[in-house]
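Beneath this line is the structure, given in structure tokens, with notes to follow.
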Amino acid sequence: MKILISDAFDKSLPAKLARFGEVFDDHSRLPEADVVLVRSKTKCTKEYIDGAPNLKLIIRGGVGLDNVDLEYAKTKNIAVHNTPAASSVAVAELAMAFLVALPNNLIPGHVTMSKGEWAKKELKRTELFQKTLGLIGIGRIAQEVAKRAAAFDMKVIAYDKYVDKSDVAEMVDFDTLLAQSDFISLHIPFTPETSKMINAETIGKMKNGVVIVNTGRGKCIEENDLADALKNGKVKAYGTDVYYSDPPDWDNCPLLKKDVPNVYMTPHIGASSSENLLRIGDIVEETISKFAKEN
Ligand code: NAD
Numbered sequence: 013m014k015i016l017i018s019d020a021f022d023k024s025l026p027a028k029l030a031r032f033g034e035v036f037d038d039h040s041r042l043p044e045a046d047v048v049l050v051r052s053k054t055k056c057t058k059e060y061i062d063g064a065p066n067l068k069l070i071i072r073g074g075v076g077l078d079n080v081d082l083e084y085a086k087t088k089n090i091a092v093h094n095t096p097a098a099s100s101v102a103v104a105e106l107a108m109a110f111l112v113a114l115p116n117n118l119i120p121g122h123v124t125m126s127k128g129e130w131a132k133k134e135l136k137r138t139e140l141f142q143k144t145l146g147l148i149g150i151g152r153i154a155q156e157v158a159k160r161a162a163a164f165d166m167k168v169i170a171y172d173k174y175v176d177k178s179d180v181a182e183m184v185d186f187d188t189l190l191a192q193s194d195f196i197s198l199h200i201p202f203t204p205e206t207s208k209m210i211n212a213e214t215i216g217k218m219k220n221g222v223v224i225v226n227t228g229r230g231k232c233i234e235e236n237d238l239a240d241a242l243k244n245g246k247v248k249a250y251g252t253d254v255y256y257s258d259p260p261d262w263d264n265c266p267l268l269k270k271d272v273p274n275v276y277m278t279p280h281i282g283a284s285s286s287e288n289l290l291r292i293g294d295i296v297e298e299t300i301s302k303f304a305k306e307n
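If you want my numbering, it's the position in the sequence shown, counting the first as 1, plus 12.
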């Protein structure tokens, strides 16, 4: 079996997979590959798949499969797997990091200090204690966020179109979530239904000064509308790990414009904890082992 490691995985992975055959990371050898391992960077489009005539298995180390043309892979009898359960804690901890950093002004505090400015009077903090956190989606990641938010004594409510019961959050309808939340954290996949779900109309239903965190998918938010809401103060701050594209369109992304305040960003690193990369590597190994036995 020939295995192409196309994106960044834990450095222990090639040794773990060596028992299955030859493992390489040279993209020019795609035509030889039986198995391709991707994370977010490699886009398994029709053209990519056509460039790999031996391909039998694609494994995406991560949750979403939006970078794989699933329909086309199916027509070519290529099995596609992901590692959905591995990343929940890693992404939940990043969402919590935003939820702690933003109301505490950690980033402006650091930036002003590093410029030699003493902004003690300007930088007021807000507590999470007894505030309402609204989770959009109550899947694997959101449940981990809910447990952590409960430790801060937050009231946790959630809206999920396909789930009506939860042990960790009070389930509410979408409008109630928008109206009651002091903090909103997005944990939905990108689908036609969730596309631009946060827009001028839904932002208009939120509390003034709401803080929004997005470790889900960038395209669930209409960035132009969010930029307007940040400028007029309706939304107090936006913390995001995700964009319309990876990386964002540096010249045209509305959230990157200098006059849009209080946007705090990370470069899609939700799943990139070292522990998670090890977990993903273990699941990749199990998946290939099962695939090798069955084929
Ligand atoms: P999950 O499938 O366990 O949970 C998603 C939840 O969203 C489900 O409960 C589902 O019912 C709900 N949902 C789907 N459509 C909805 C809609 N229209 N309205 C309301 N709820 C809806 O997934 P998960 O493991 O919790 O991951 C959530 C998302 O996080 C992924 O789809 C992915 O986009 C994103 N993610 C980001 C990173 C990162 O690096 N930042 C890493 C992993 C996952």
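The beta carbon of each residue, even a glycine, is placed where N, CA and C say it ideally should be.
- In this structure, GLU235 sits away from PRO201, with a CB-CB distance that is not shorter than 7 Å.
- Comparing C-alpha distances from SER100 to each of GLU287, PHE303, ALA304 and LYS302 shows the shortest one belongs to GLU287.
- Per DSSP, the unbroken beta strand (DSSP E) holding VAL35 starts and ends at 34-36.
- Bridge pairing for PHE164: absent [DSSP].
- Scanning the region 62-114 for uninterrupted beta strand (DSSP E) segments of 3 residues or longer gives 69-72 and 91-94, listed from N- to C-terminal end.
- With contacts defined by Cβ atoms closer than 7 Å, VAL222 and GLY251 do not form a contacting pair.
- Between THR138 and PHE303, the alpha-carbon positions lie close to 51 Å from each other.
- Distances from the CB of ARG51 to the heavy atoms of the ligand NAD are all 6 Å or more.
- Excluding five sequence positions before and after VAL103, the CB atoms of its chain that fall closer than 7 Å to its own CB belong to ILE153, THR227, GLY282 and ALA283, given in chain order.
- Set against 6 Å, the gap from the CB of PRO201 to the closest heavy atom of the ligand NAD is smaller.
- VAL35 and SER301 have their alpha carbons spaced roughly 14 Å apart.
- In the pairwise beta carbon analysis, the region 82-98 is classified as not touching the region 26-33: fewer than three pairs are separated by under 8 Å.
- Distance from the CA of GLY293 to the CA of LEU69, rounded to the nearest whole angstrom, comes to 16 Å.
- Secondary structure of LEU135 (DSSP, three-state): coil.
- In the structure shown, ALA27 falls within a helical segment according to DSSP collapsed to helix, strand and coil.
- Within the chosen limit of 6 Å, the ligand NAD reaches the beta carbon of ALA283 through at least one heavy atom.
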